[in-house]
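Each residue of the sequence shown is one higher than the last, beginning at 696 in our numbering.
Backbone N, C-alpha and C define an ideal beta-carbon position, used for all residues, glycine too.
Here the structure is laid out as structure tokens; the discussion comes afterwards.
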Amino acid sequence: MPAAATLTLSPSVTEHIKLAFEQQKLSRPDIGSFESFLTTIADQDASAPLPLENETNHPISHYFISSSHNTYLTGNQLWSRSSTDAYKDVLKRGCRCIEIDVWDGGSSSSSSSSSSDNEGKDREEADVNNLASLVRRGLGRLRSRADSDVPAPAKVVSATDSPAADNEMMPTRWRTESGRDEPRVLHGYTATKEIPFRKVCEVIRDYAFRTTDLPLIVSLEVHCSPPQQEIMVEIMRDYWQQYLVPVPDEYSDTTPLPVLETLRKRILVKVKYSPPEKAASQKTPATKRSRAKSDTSASTDDDNGQADTSKKGKICAALGKLGIYTRSYHFHSLDQAEAEIPTHIFSLSEKKLMAMQEECHGALFKHNMKYLMRAYPKGTRVRSSNLDPAPFWRQGIQIVALNWQQMNAAMMLNEAMFAGTGGWVLKSQDYRIEQPDTAPPRRRRFDMSVKLLAAQGLNVDAKSPPTAYVKCELHVQSELRAQMPKDGKSKGGEWKRRSASKESCDPNFQGEALRFEGVEDADPELSFVRSVVPSTACMPLLSYRLARADERS
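Here you go:
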């Protein structure tokens, strides 16, 4: 076996390790020599998080799930490339809910939407509507110009994430060897580049269970015609047959959600539910009328909010049948009939959920104790920025979809939440067991102190050593109005401290303590400590670390 990789430790780090060794030696005389202790500390494998004991005998609605939004994109939401490598990346990093936006393969235009899984996704924001229209008009002019010219060999698209490079080549049709058009994956109404749906399914098959055998949810946003949906089903069955969830015996609207343990190495397809034709044609009682309407059609609005009378978004029966435990329904209210079907799931934007948190946060929390819900970023986050996931987790929302294209504060929180868990984290008892008086989770006051020792290897390639410091942020969520989040940001719930500055690549902070005292009305299991090492100069972040504030950390 090859020897484990070791680090070369700086004198300041070694000094603190020696102090720690001497303290342990007092209580554990058999600890061995300092040299062997130092070798263990320097082993890079020693810093890997230990796998956590995760109870798997609860229904899947009792877990938080590491989730990705628009997984196929490599950069921004308007003109970046789509890539199967993006799916490889998030799956290797422990993501357990990925998204695929699927469009017809027989046209280079993405304006013929048939069905959208997300409820009004990217359409609730007027700014996005206007931007989408501008992009489509620009693409239309490019197509008209291309049609009038003599066809030329296709140019190679640059890997750089820039609109200038992406405008050089328009989307192409995807066909099998038999010449059949096949569905493609892209962000509709934008200049993003596409990839074949078949290739995405192949990568998911190969990487779904490389890091964990816990189940993977595939969230489909379907814009395809019924014939193309049939091809989608054929492709998914070709690649995922051994992983797809089998239909349980006596399956009905009252079938309960399964426990996590029974879904190991399974792929759950999240797709809009479409009832049998005979059920849709029967007369529906007045109290259930909204259910039939929402079941049989997806959003029929175009990007300008006008009804598209030529196309009715409908999921074909074969595709709808794949959504066994993750049946998506159009959201009207928490009182609609579908809200009590155990296998339903609502997908709502951060903007809608923030409004609901103000208006009916008790009912929202109660719903999420038993049923699945998904949150996704609002449409104006065109640079792939992120919502703060913590306020949504604190409402019990299991699937908070984030843009994984860049590492930012939200992704750091996500890493801290799911490190060593396989992407599924059991909610605390207060988030999954309904109390008679629907009491909110128990909260308490706590104090915290972060002791800073030393760092090493900060910006070693620079001409001069950086002037670095440590900034600690305690992210909490309180029931106090002063700490309620606004627009997805928990500004009122952040407590910030910073250390003295040190001019060194290997700074010694000499045990300086950053204290957070008197944190009121907090839930430690969903509070996070974020430590970053910036520089007083204008340069990238030098280092970061984020962990949960409870005893798990």
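Using DSSP with H/G/I as helix, E/B as strand and the rest coil, what is residue i?
| i | result |
| --- | --- |
| P891 | strand |
| R875 | coil |
| F1087 | helix |
| V1095 | strand |
| R900 | helix |
| K1242 | One point to set straight first is that residue 1242 is Ala, not Lys, in the sequence displayed. Of the three classes helix, strand and coil, the one that applies to A1242 here is strand, per DSSP. |
| N1103 | coil |
| Y1071 | strand |
| E1045 | helix |
| A1149 | strand |
| P724 | helix |
| P1037 | coil |
| A1157 | coil |
| T1231 | coil |
| Q1205 | strand |
Rounded to a whole number of angstroms, what is the C-alpha to C-alpha distance between residue i and residue j?
| i | j | result |
| --- | --- | --- |
| A715 | P1229 | 27 Å |
| L1236 | E1198 | 15 Å |
| R875 | A1150 | 58 Å |
| R1069 | E1053 | 18 Å |
| L1209 | A1242 | 15 Å |
| F641 | S777 | Only positions 696 to 1248 of the chain appear in this structure, which leaves residue 641 out of reach. |
| H1170 | K713 | 32 Å |
| R1078 | R932 | 34 Å |
| C1200 | L702 | 15 Å |
| K1016 | Q1100 | 32 Å |
| L1067 | T1021 | 8 Å |
| L1082 | C919 | 29 Å |
| M1107 | P971 | 43 Å |
| A1157 | K1191 | 28 Å |
| N771 | G1206 | 41 Å |
| H1062 | F729 | 55 Å |
| H1056 | E1215 | 20 Å |
| D901 | E717 | 48 Å |
| T957 | P1037 | 17 Å |
| M1051 | I726 | 55 Å |
| E1220 | I926 | 44 Å |
| A1096 | H764 | 5 Å |
| H711 | A886 | 53 Å |
| D738 | L704 | 11 Å |
Exposed or buried, which one is residue i when buried takes at least 16 other CB atoms within 10 Å?
| i | result |
| --- | --- |
| N752 | exposed |
| D799 | buried |
| Q923 | buried |
| Q1093 | buried |
| L1014 | buried |
| T1231 | exposed |
| T907 | buried |
| G1213 | exposed |
Flag residue i as yes when its Cβ comes closer than 7 Å to any non-hydrogen atom of the ligand COA, and as no otherwise.
| i | result |
| --- | --- |
| P921 | No copy of the ligand COA appears in this structure; indeed no ligand is present at all. |
Assuming residue i and residue j make a contact with CB atoms under 8 Å, what is their CB distance in whole Å?
| i | j | result |
| --- | --- | --- |
| T950 | P941 | At roughly 13 Å, the Cβ-Cβ gap does not stay under 8 Å, so T950 and P941 are not in contact. |
| I795 | Y758 | Between Y758 and I795 the Cβ distance is about 22 Å, and since that is not below 8 Å, they are no contact. |
| A1217 | F1141 | 6 Å |
| K1145 | F1204 | The sequence shown places Val at residue 1145, rather than the Lys named in the question. So it is not a contact: roughly 10 Å between Cβ atoms. |
| L909 | W1119 | 5 Å |
| S1042 | C1011 | Actually they are not in contact, since the Cβ atoms of S1042 and C1011 sit about 20 Å apart, beyond 8 Å. |
Quick check for students: name the residue ranges of the beta strand (DSSP E) that lie wholly in the region 905-983, counting only runs of 3 or more.
Counting only runs that start and end inside the region 905-983, the beta strand (DSSP E) elements of at least 3 residues fall at 911-918 and 962-967.
If we require 4 or more residues per run, which alpha helix (DSSP H) segments fall completely within the region 745-796?
Whole alpha helix (DSSP H) segments, 4+ residues: 779-787.
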